[in-house]
């Protein structure tokens, strides 16, 4: 892992969450969505026909299917967006806007009304906007009677592809903006995260929408085409479930491993989770890539894993940072971690999180991740777990101790402060 | 002959191969004349489908259960059975025998390539696919209740298009069912499991994928009059996305395995349990579970629980001598298992595994006398654990017999008699002379 960007990198301090800004943004998106749909209806007129009815039913079906997983917004959108993209080519901007308005609030499960308003506005906006892009790219609404494969590709396939990509990008920006405002997650981080999550699948969804449109209009199956496209829809959903299952699998694996640490060292209960959270917030405010942030999070969870290989009596007697017999536990932990493929990126940080602390220029090779985790670890040990002599320090005392260390730590202290601000603002979330 | 002997030992595989050969023979006799003609007129159509078939066979999917599947090839083969009118090409008006011969060509080409690269070629799977496609092609190309064969009705003039689509879907489902039914019959014979559970695993492991394969054929046939041969790659695309997803699912399984491997290493590294103990208990638990008819999912839970059954030992301040819980006091056994379960419960979603681990020490008499509900998995692991503690990994005949004898003493009181019977089956199957390891490989 390289250390570029650490020295001299000054994160913008004071990115504080402002609830009022979120409300204003949601209101703007909601109004824009409804306004765009109204404008489209005014200009094009709205034809209420079987096609629109069936698409609305499909939209409801996406609700019935429920949204999966953790990043609710991006996941449910990706599924609904097949319906949305198909509506652009089947019913035009006005209809797509209506479908969007319906898809938006119909997210199952508990959601704050603000999120539902935001989704309503966003999906309507995406529907109208996408349909306009579709038309601009030469797309034909309907498409019955197109002569031959080439015409179908030119007048339906290509425009769907363009509209799909543009719509996906617009969606990324809107969600990244609202998540930035609501949770303080940097826009860059959120966009990266969603590109990795749903980016490649988005193209696949475009193809499924294309199949639906071809079966519906040029082939002439009409709404019955939906029956043929449902299994691919299920496959798409299943594919997403796998992604979310993978993330959950990582979580479970980390959870069990942390459980082993805490069973061995009950006085460290909660420590791993706090260190992981602080490390993540630090890494995010340093602007690190999502993959690196994920590695740092795992390292934060597992930095004490090596303790589990030591005799129970020693672990419970000695204190981290003081006990000589605990000296090599980070290396022991790293050896365990390197056996797991998804933890490969965390090995170095687990191995060196203790030495990285307070090291000078010679410690530069130990890596930014090790330093981030080490700092979060030390702060939590000082303020929550307690020092070797059993004292629990206040924030200021702890920061004073950390500040007295090597200049390398100094670069990261603002990130730590900022992470603490975010923790205080968002609560444990 | 080296080819014949395994076939005699596996009558179902032999029957399937015969069926495959008969299908080809029937195809040759009924359509040899038109095959030559078809290859001249429809060379482009044939080439596109053969390429898709070969590619589909080569790019195999490895399911989370490590079973291989080739949904792209299945879907392409079924599509060929249905396709008729194709924009820009002559109508694919051929008897079902020609479809079978084209699919056979694709399968053989793929097999040759696989063999060249040293990959395994499963002749029984090829035969199952061929028979399934043969059935579908025959149904689609024989006369339908509406007079003409279904594939000829795809313009929607005589019969409403949705009805044609529904008919094609039914035929595709029949064809795929035949293929999956035959291949799972052979697989269950190889792994000594019940046919029904093999079938359930095969259809249900990725159920949406199975549905998607069924719809792809009709989708191609219906889109081809408009999209031409482009209909095939377009319709296969959603299936191809699945490959990524299935790959992820397999990786999920791998993550579990690796994490659990670490955890079982923890007790070994701390000197609490002898090395390899957890692995061996897991292996024999899975084998017993299979004999007792557990499903794929249940087997997996048992495997993981077996790997973790000693996890609770890591927080002991005094290790148990030799790590053999079978010799530990019942109260210590209970403490270990409940601590292990507590650690596992730290992670959400592993409740099943935790509760299996939790009740491993429960003696069988409490099930019999008090009607306590102890999971079969726990009873299996209890026996497997005792067996490994007693043999210490020694697979010699005398060690096995001594261990079995000790376990027999606790029959009905400590151990579930049915599970002990399964242990006897498993140990005799793994005794020298029988092919034991194969059972694990082909899971």
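Chains as they are written, first to last, in our numbering: chain A, 2 to 430; chain B, 773 to 1215. Idealized CB from N, CA, C, for every residue including glycine.
CB of residue i within 8 Å of CB of residue j, strictly
i	j	result
residue 1115(B)	residue 260(A)	yes
residue 1006(B)	residue 176(A)	no
residue 62(A)	residue 980(B)	no
residue 1149(B)	residue 1070(B)	yes
residue 1195(B)	residue 1060(B)	yes
residue 298(A)	residue 280(A)	yes
residue 1155(B)	residue 1131(B)	no
residue 944(B)	residue 997(B)	no
residue 1109(B)	residue 1143(B)	no
residue 1163(B)	residue 1169(B)	no
residue 918(B)	residue 931(B)	yes
residue 254(A)	residue 122(A)	no
DSSP three-state assignment for residue i, whether helix, strand or coil
i	result
residue 1091(B)	coil
residue 340(A)	coil
residue 1169(B)	helix
residue 1017(B)	helix
residue 218(A)	coil
residue 840(B)	strand
residue 1187(B)	strand
residue 932(B)	coil
residue 891(B)	coil
residue 921(B)	strand
residue 852(B)	helix
residue 1052(B)	helix
residue 915(B)	strand
residue 376(A)	helix
Through-space distance from residue j to residue i, alpha-carbon basis
i	j	result
residue 1002(B)	residue 353(A)	55 Å
residue 818(B)	residue 81(A)	37 Å
residue 1066(B)	residue 1113(B)	22 Å
residue 288(A)	residue 191(A)	11 Å
residue 843(B)	residue 849(B)	10 Å
residue 1100(B)	residue 1126(B)	21 Å
residue 984(B)	residue 1014(B)	10 Å
residue 264(A)	residue 1186(B)	29 Å
residue 1068(B)	residue 947(B)	25 Å
residue 1166(B)	residue 960(B)	29 Å
residue 403(A)	residue 380(A)	8 Å
residue 71(A)	residue 245(A)	Per-residue confidence for residue 71(A) stands at a pLDDT of 35, beneath the threshold of 50, marking its modelled position as unreliable; no derived number is given.
residue 1042(B)	residue 972(B)	41 Å
residue 267(A)	residue 1151(B)	31 Å
Other residues of its chain near residue i: CB distance less than 7 Å, five sequence neighbours each side excluded
i	result
residue 133(A)	94
residue 993(B)	851, 854, 855, 856, 923, 926 and 940
residue 783(B)	none
residue 26(A)	178, 179 and 182
residue 285(A)	186, 187, 190 and 294
residue 986(B)	941, 944, 945 and 948
Other residues of its chain near residue i: CB distance less than 6 Å, five sequence neighbours each side excluded
i	result
residue 898(B)	879
residue 826(B)	878, 881 and 882
residue 344(A)	299 and 338
residue 901(B)	951
residue 194(A)	291
residue 836(B)	1021, 1022 and 1025
residue 958(B)	784, 785, 788 and 896
residue 386(A)	272
Per-residue burial, residue i [other beta carbons within 10 Å of its own, 16 or more giving buried]
i	result
residue 49(A)	exposed
residue 1138(B)	exposed
residue 1057(B)	buried
residue 1072(B)	buried
residue 974(B)	buried
residue 1078(B)	buried
residue 355(A)	buried
residue 104(A)	buried
residue 44(A)	exposed
residue 435(A)	It is not possible to answer for residue 435(A), since the shown part of chain A is limited to 2 through 430.
Same chain, Cβ closer than 8 Å to residue i, five either side skipped, listed in chain order
i	result
residue 816(B)	861 and 1001
residue 224(A)	51, 52, 55 and 217
residue 1184(B)	1136, 1137 and 1140
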